[in-house]
Every structure is written in C-alpha cells, then in structure tokens.
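A.B. asks:
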Amino acid sequence: MKMMDCVEVIVEKEKYAKDGVHKGMQGWICLEQRIPDFWLVNFPQYGEKYDIAEISIKEEDLKHISKMDAKVNEQIKAQFDK
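Position one of the sequence shown corresponds to residue 1 (the working numbering), numbered consecutively onward.
Here you go:
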C-alpha cells in the first residue's frame, strides 16, 4: 500500500470504533510513510461534511480497493448513531 490508496476496514475493533470507524468503512491513506504495521487513514463523509476520523489502522485490518465511496461511510455511521 502507498499514500493515496483507497482502503476498506475489514474488521470491527473497539479501538477503531471509539473514533467512529467501523468494519466496511472506506478511506484513503494520507501519509507516505507508515508507522511499522500501521497506516494513517482518513475516513471522509460525502460532500462538505466533516471527516469521520483520521486514525492509524493496522495494515492487516485493511484491504486495498480500487475506488472509495464516502456514502458507504455515512450508511455505516448511521447504523451506529442510533
């Protein structure tokens, strides 16, 4: 993986959930270097809304995707905001 790659979270973990990030959310790698085994990932919302989070995610908890869809993040976020 490298900076600007689109990724998806493939596991549900409490440490990500406390920042609002859940399994299935999509983001992009926003730092060129990674901390050993981790990438800094930005999880946006659609349009002019604030980002959900920008957090370090363990590389093994991510999968590379060809295209990111921020609407997916909003749908998942809505499930947890109830």
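Every residue, glycine too, gets a C-beta built ideally from N, C-alpha and C. Values in this document were obtained by computation on a predicted structure and should not be read as measured data.
Output the distance between the C-alpha atoms of ASP81 and SER66, rounded to the nearest integer angstrom.
C.D. replies: 28 Å
A.B. asks: Quick one: complete alpha helix (DSSP H) runs, 4+ long, within the segment 7-54?
C.D. replies: 14-17
A.B. asks: Taking 9 Å as the threshold (C-beta atoms), are LYS23 and GLU12 in contact?
C.D. replies: yes
A.B. asks: Between the alpha carbons of ASP5 and ILE52, how many angstroms are there, rounded?
C.D. replies: 18 Å
A.B. asks: At which residues does the beta strand (DSSP E) containing LYS63 begin and terminate?
C.D. replies: 62-65
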